[in-house]
Amino acid sequence: MTPDERLEALREHFVKLSTVHRELESQLDAARGRQADLTDDVDQLERENEMLKTSSLYIATAEEVTEDGVIVKQHGNNQEVLTDVSARIVDSVAPGDRVAVNDSFAIQTVLNTETDARAQSMEITEKPEVTYADIGGIDEQVREVREAVEQPLAEPELFDEVGIDPPSGVLLYGPPGTGKTMLAKAVANETDATFIKMAGSELVRKFIGEGSRLVRDLFEMAREREPAIIFIDEIDAIATRRTESKTSGDAEVQRTMMQLLSEMDGFEARGEIRIIAATNRFDMLDRAILRPGRFDRLIEVPEPSEEGREQILAIHTRGMNVADDIDFADLAADTDGYSGADIESLATEAGMFAIRNDRNEVTHQDFADALEKIEKDDSSDVVSSAGYFYQ
Ligand code: ATP
Numbered sequence: 182m183t184p185d186e187r188l189e190a191l192r193e194h195f196v197k198l199s200t201v202h203r204e205l206e207s208q209l210d211a212a213r214g215r216q217a218d219l220t221d222d223v224d225q226l227e228r229e230n231e232m233l234k235t236s237s238l239y240i241a242t243a244e245e246v247t248e249d250g251v252i253v254k255q256h257g258n259n260q261e262v263l264t265d266v267s268a269r270i271v272d273s274v275a276p277g278d279r280v281a282v283n284d285s286f287a288i289q290t291v292l293n294t295e296t297d298a299r300a301q302s303m304e305i306t307e308k309p310e311v312t313y314a315d316i317g318g319i320d321e322q323v324r325e326v327r328e329a330v331e332q333p334l335a336e337p338e339l340f341d342e343v344g345i346d347p348p349s350g351v352l353l354y355g356p357p358g359t360g361k362t363m364l365a366k367a368v369a370n371e372t373d374a375t376f377i378k379m380a381g382s383e384l385v386r387k388f389i390g391e392g393s394r395l396v397r398d399l400f401e402m403a404r405e406r407e408p409a410i411i412f413i414d415e416i417d418a419i420a421t422r423r424t425e426s427k428t429s430g431d432a433e434v435q436r437t438m439m440q441l442l443s444e445m446d447g448f449e450a451r452g453e454i455r456i457i458a459a460t461n462r463f464d465m466l467d468r469a470i471l472r473p474g475r476f477d478r479l480i481e482v483p484e485p486s487e488e489g490r491e492q493i494l495a496i497h498t499r500g501m502n503v504a505d506d507i508d509f510a511d512l513a514a515d516t517d518g519y520s521g522a523d524i525e526s527l528a529t530e531a532g533m534f535a536i537r538n539d540r541n542e543v544t545h546q547d548f549a550d551a552l553e554k555i556e557k558d559d560s561s562d563v564v565s566s567a568g569y570f571y572q
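Sequential numbering from 182 applies to the sequence shown in our numbering.
Structural data, given as structure tokens:
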């Protein structure tokens with residue numbers, strides 16, 4: 182290479198290096214700009230984070246995720262609003278989630294309290310202690326429940342052989358304190374089934390916005406613990422006849438009921454899960470839940486008759502130290518309109534009279550005094566069944 186050629190080559194190389202230098206400089210500028218932007222973002226997030234930590238947020242339930250935002254319902258006042266979700270958490274919001282919203286309803290965080298709500302809304306007993314022998318005065322109802330609930334669990338092959346499906350769900354209806362819950366527990370005890378209870382009224386009052394999810398959980402829980410008896414108390418709270426009013430509260434109750442119906446419809450009738458529901462307000466029930474395949478066996482649990490009251494008195498004084506002079510027939514005649522629960526309190530009250538009088542034996546007079554006290558305390562509505570309605 183001649184010196185001229187070498188000079189030319191060096192020049193070309195210099196030009197190339199200058200271009201690369203310019204390119205790198207502009208890249209450096211861009212990176213500096215980006216760094217400034219990111220620093221701003223960090224500042225902003227830190228401020229948001231600080232705000233989140235210091236300001237209180239409201240709890241709401243995400244009802245629906247739409248293209249325009251998320252519909253949330255605030256707990257407490259049931260107000261529904263369409264709100265925005267920050268890009269950070271948009272993918273993690275699903276209908277039914279509990280979320281925290283700020284003053285302007287923007288969703289700040291998604292809460293995960295499913296297990297909490299589950300545990301709080303259901304009462305699970307591996308083996309309830311109640312037996313049929315603890316239930317008095319409703320022998321016919323006990324027989325019916327055994328046939329409709331116990332037999333399909335204990336002897337499913339009978340139904341297979343005859344080729345019929347046992348009743349899907351059993352609805353017990355009648356005044357408060359007559360032994361409906363006891364009946365359900367006694368079946369669970371007899372069949373070694375897990376007893377899972379959910380109260381309709383709590384679903385509606387305490388777990389607003391979560392009703393349908395909790396119903397789903399209830400069935401899931403039962404499937405995990407087969408054999409199981411699902412007992413839904415106060416079913417009228419979630420299955421009231423449709424009213425004209427279209428408030429959001431009603432819509433929520435409707436959704437809970439629809440979830441219950443769809444769980445029941447998709448149910449294996451001969452499976453190891455039995456469903457019992459109870460209500461004091463038969464007149465209020467939506468007839469949709471009584472259709473075949475749903476609560477298709479209705480059992481009325483009435484107030485005990487005189488004979489029934491005598492049996493219940495005997496049951497509730499079994500563990501008491503009672504005097505020989507006690508005339509249960511006489512007491513049964515004097516307790517017209519008393520439910521099983523009322524008789525239980527009567528027995529306790531009589532025991533209190535004995536203690537007050539320094540005795541460890543309860544006499545007939547103690548019962549008479551207890552009766553008088555209860556009548557006096559409660560002269561307006563003597564028994565708990567006052568004010569209840571059913572068909
Ligand atoms: P509610 O509709 O208010 O839920 P319920 O019909 O489910 O009432 P239970 O909870 O079964 O009533 O009964 C309450 C208590 O009353 C029982 O713990 C029991 O002590 C007593 N009791 C009610 N009925 C009977 C009965 N038939 N025999 C014996 N005890 C009874």
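Heads up, the beta-carbon is just placed ideally off N, CA and C, and yes, glycines get one too. Please read these numbers as outputs of a predicted model, since none were measured by experiment.
**Report entry** Distance CB(residue 302)-CB(residue 405) smaller than 9 angstroms
**Finding:** no
Report task. Return the chain-ordered ranges of every beta strand (DSSP E) run that is complete within the stretch 322-394 and spans a minimum of 3 residues. Result -> 350-354 and 375-380
Query raised in the report: Which partner residues does residue 414 have in the DSSP bridge list?
Result: 380
Query - N- and C-terminal bounds of the beta strand (DSSP E) containing residue 281 - result: 279-282
Query raised in the report: Using DSSP with H/G/I as helix, E/B as strand and the rest coil, what is residue 260?
Result: coil
Query raised in the report: Taking the Cβ atom as the reference point for each residue, do residue 495 and residue 360 lie within a distance shorter than 9 angstroms?
Result: no
Report task. May I have the straight-line CA-CA distance separating residue 276 from residue 401, to the nearest angstrom? Result -> 19 angstroms
Query raised in the report: Where does residue 220 land, buried or exposed, given buried means 16+ other C-beta within 10 angstroms?
Result: exposed
Report task. Take residue 456 as the anchor and find which of 204, 508, 243 and 374 has the nearest alpha-carbon. Result -> 374
Query raised in the report: In chain order, what residues of the same chain have a beta carbon less than 7 angstroms from the beta carbon of residue 233, not counting five sequence neighbours either side?
Result: 289
Report task. Would you check whether the ligand ATP has a heavy atom nearer than 8 angstroms to the C-beta of residue 518? Result -> no
Query raised in the report: Taking buried to mean at least 16 other C-beta atoms within 10 Å of its own C-beta, is residue 461 buried or exposed?
Result: buried
Query raised in the report: Per DSSP, what kind of secondary structure is residue 549 in: helix, strand or coil?
Result: helix
Report task. Identify whether residue 254 lies in helix, strand or coil by the three-state DSSP scheme. Result -> strand
**Report entry** Which of helix, strand or coil DSSP assigns to residue 200
**Finding:** helix
Requested in this report: Within 10 angstroms of the Cβ of residue 207, are there 16 or more other Cβ atoms? Answer buried if so, exposed if not.
Outcome: exposed
Query raised in the report: Which residues mark the beginning and the end of the beta strand (DSSP E) in which residue 456 is found?
Result: 454-460
Requested in this report: Please go through the same chain and pick out, in chain order, the residues whose beta-carbon is closer than 7 angstroms to the beta-carbon of residue 335, but skip the five residues on each side of it.
Outcome: 372
Report task. Mind reading off the beta-carbon distance from residue 381 to residue 413? Whole number of angstroms is fine, and I expect it under 8 angstroms. Result -> 6 angstroms
Report task. Rounded to whole angstroms, what's the CA-CA distance from residue 231 to residue 222? Just pull it up for me. Result -> 14 angstroms
Query - Contacts around residue 425, its chain only, beta-carbon distance under 8 angstroms, and the 5 residues preceding and following it disregarded - result: Its pLDDT being 49, under 50, residue 425 is placed unreliably by the model, and the measurement read from it follows with that caveat. Cβ within range, chain order: n/a, list empty.
Requested in this report: Return yes when the C-beta of residue 361 is under 8 angstroms from any heavy atom of the ligand ATP, and no when it is not.
Outcome: yes
Query raised in the report: Would you call the stretch 488-508 and the stretch 540-548 touching, i.e. three or more CB-CB distances under 8 angstroms?
Result: yes
Query raised in the report: residue 194: buried (16+ other C-beta within 10 angstroms of its C-beta) or exposed?
Result: exposed
Query raised in the report: Can you list, in chain order, the residues of its chain whose CB lies under 6 angstroms from that of residue 202, leaving out five sequence neighbours each side?
Result: none
Query raised in the report: Does DSSP classify residue 405 as helix, strand or coil?
Result: helix
Query raised in the report: Is any heavy atom in the ligand ATP found nearer than 8 angstroms to the beta carbon of residue 482?
Result: yes
Query raised in the report: So what does residue 503 bridge to, in DSSP terms?
Result: 543
Query raised in the report: Is the beta carbon of residue 349 less than 9 angstroms from the beta carbon of residue 448?
Result: yes
Query raised in the report: Can you tell me the Cα-Cα spacing of residue 250 and residue 271, whole angstroms?
Result: 9 angstroms
Requested in this report: Check whether the Cβ of residue 461 sits closer than 8 angstroms to any heavy atom of the ligand ATP, and report yes or no.
Outcome: yes
Query raised in the report: What is the DSSP secondary structure of residue 270, counted as helix, strand or coil?
Result: coil
Requested in this report: Please state whether DSSP places residue 478 in a helix, a strand or coil.
Outcome: strand
Requested in this report: To the nearest angstrom, report how far apart residue 410 and residue 475 are at their CA atoms.
Outcome: 15 angstroms
Query raised in the report: Does the Cβ of residue 532 lie closer than 8 angstroms to at least one heavy atom of the ligand ATP?
Result: no
Query raised in the report: CB of residue 358 to nearest heavy atom of the ligand ATP: below 8 angstroms?
Result: yes
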